[in-house]
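Letter by letter, the sequence shown follows residues 127 to 368 of my numbering. C-beta atoms are modelled at their ideal positions from N, C-alpha and C, and glycine is treated no differently. Since the structure comes first, as structure tokens, the remarks are kept for the end.
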Amino acid sequence: MKINKLLFVLIIVVAASLGFFVGQSMTPANRALRKAQELARRGITEKKEAVEILTKQKDLLDYSFKYAQLEKERQIIALSLANILIKYEMWPDAIKYLEIAKEILPGDFAVNYNLGFVYYKLFQLEKEPLKKDKYYKLAESYINTALQIDPEDIDANYLKGVFLFENRLYTDALAYFSKVLEKNPNEVNTLFTLGRMYYDMGELEKARNVYLKLQTVLPKRSAQMDRVINNLEIINKELGKR
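Next comes the structure, spelled out in structure tokens:
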């Protein structure tokens with residue numbers, strides 16, 4: 127649902143750290159990371175350019191990471207690079223740096239949540255059944271760990287609810303979705319998933335109420351609003367047959 131909320135703060139810290147540890151304020155690696163920072167701020171339209179820069183400068187970035195002296199600084203660098211890679215959907219590379227960060231501080235919430243998030247993305251993309259199953263189990267395991275560290279985090283609760291929903295454990299999933307909506311009643315992803323879950327359960331009135339709620343939250347002219355209108359039409363037709 128999100129990329130780590132501290133992404134840009136961490137990137138700024140990393141840029142300063144690289145200059146300090148390598149011994150120059152603007153080393154090639156530092157410049158590469160600052161460039162990636164600029165691209166991250168511009169948005170996804172620059173994804174191709176960001177991928178090219180990160181790929182070409184990979185050795186320099188690894189060199190900068192190698193010469194970071196303190197464990198915490200190494201973790202910050204690894205986590206920051208992972209967040210940039212997550213933003214541009216470079217999932218395997220993101221895992222590399224998240225695993226490094228996990229070795230340094232295994233009990234960190236952001237590391238465990240992001241590992242769960244990335245493995246879930248890999249699960250969604252993977253076609254081979256054994257790998258797909260492996261990614262799903264890893265994703266769920268890391269999200270469980272993240273929730274042990276911070277049981278109140280909205281994004282971790284949402285993703286845990288998704289796992290339970292996909293396994294048709296609807297009552298358990300509802301508990302996690304409810305926790306999200308208690309903190310943010312207008313959380314769009316949770317409302318969409320909840321509406322679909324109620325529909326699958328045959329609770330059409332509840333599903334309709336969720337989609338009516340989404341109508342008050344979403345921009346009138348948007349693809350998501352089109353989905354809501356389409357789903358309401360389907361539900362209303364089915365209710366009319368009863």
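Three-way DSSP call (helix, strand, coil) for residue i in this model
| i | result |
| --- | --- |
| Leu344 | coil |
| Ala349 | helix |
| Tyr214 | coil |
| Asp234 | coil |
| Asn312 | coil |
| Glu359 | helix |
| Glu252 | coil |
Inter-residue spacing [alpha-carbon to alpha-carbon] between residue i and residue j
| i | j | result |
| --- | --- | --- |
| Leu136 | Leu300 | The predicted position of Leu136 is uncertain, since its pLDDT is 43 and thus under 50; no value can be drawn from it. |
| Asp219 | Val314 | 29 Å |
| Ile360 | Gln341 | 15 Å |
| Ile212 | Val244 | 7 Å |
| Ala272 | Ala349 | 32 Å |
| Asp259 | Lys247 | 12 Å |
| Ala208 | Phe303 | 27 Å |
| Leu295 | Pro232 | 29 Å |
| Ser206 | Asp279 | 20 Å |
First and last residue of the uninterrupted alpha helix (DSSP H) at residue i
| i | result |
| --- | --- |
| Gly328 | Element bounds for Gly328: n/a, residue is neither H nor E. |
| Asp281 | Ile280 to Glu292 |
| Leu300 | Tyr296 to Lys309 |
| Glu266 | Pro255 to Ile275 |
Buried versus exposed, by CB contacts within 10 Å (16 or more), residue i
| i | result |
| --- | --- |
| Ala236 | buried |
| Asn310 | exposed |
| Lys263 | exposed |
| Gly242 | buried |
| Ile355 | exposed |
| Leu251 | exposed |
| Asp326 | exposed |
Reference residue i, options the options, closest by Cα
| i | options | result |
| --- | --- | --- |
| Gly287 | Lys253, Arg322 and Glu254 | Arg322 |
| Thr297 | Ile230, Glu329, Ile275 and Glu266 | Glu329 |
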